[in-house]
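Each residue of the sequence shown is one higher than the one before, starting from 46 at the first, in our numbering.
The structure appears right after this line, and notes come after that.
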Amino acid sequence: MNLKPLDDRIVVKANEAEEKTASGLVIPDTAKEKPQQGTVLAVGPGRRSEQTGEIIPLDVKVGDTVVYSKYGGTEITVDGDDLLILNGRDVLAVMAK
């Protein structure tokens, strides 16, 4: 992937939405919830502190699985992959491995 996020932005590939319920019912595409978890593919350098001017790095790294705001970010397609560019503030948590 030839995409480098700027500032406190993060590139994420969303995890696939569930195809079936726990009881085995198939979920049609029109009823699927928008995914809120994904894998971090790229991380920007961080945001600049208004007080000191120093760059504050992000708490996520490439390969992390993150939980993000349901309607956060900008959807893009790169090399046929559907990706999401999030602000650092849109990431709510990092999943423990």
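Glycine included, every Cβ here is placed at the ideal spot set by N, Cα and C.
So what does DSSP say about residue i, is it helix, strand or coil?
i	result
D135	helix
T97	coil
K49	coil
V105	coil
A141	coil
Looking at the C-beta of residue i, does it have a partner C-beta in chain B at a distance below 8 Å?
i	result
Q82	Protein chain content of the structure displayed is limited to a single chain, and chain B is not contained in it.
Given that a residue counts as buried once 16 or more other Cβ atoms are within 10 Å of its Cβ, and exposed if not, what is residue i?
i	result
Y113	buried
D104	exposed
L48	exposed
D53	buried
Thinking just about the alpha-carbon of each residue, which of the options is nearest to the one in residue i?
i	options	result
Y116	V123, V136, V107, T97	V136
R92	L131, L51, D127, K142	L51
What's the C-alpha gap between residue i and residue j?
i	j	result
I101	G125	32 Å
T84	A138	12 Å
V107	G133	13 Å
E61	T122	15 Å
L131	K142	21 Å
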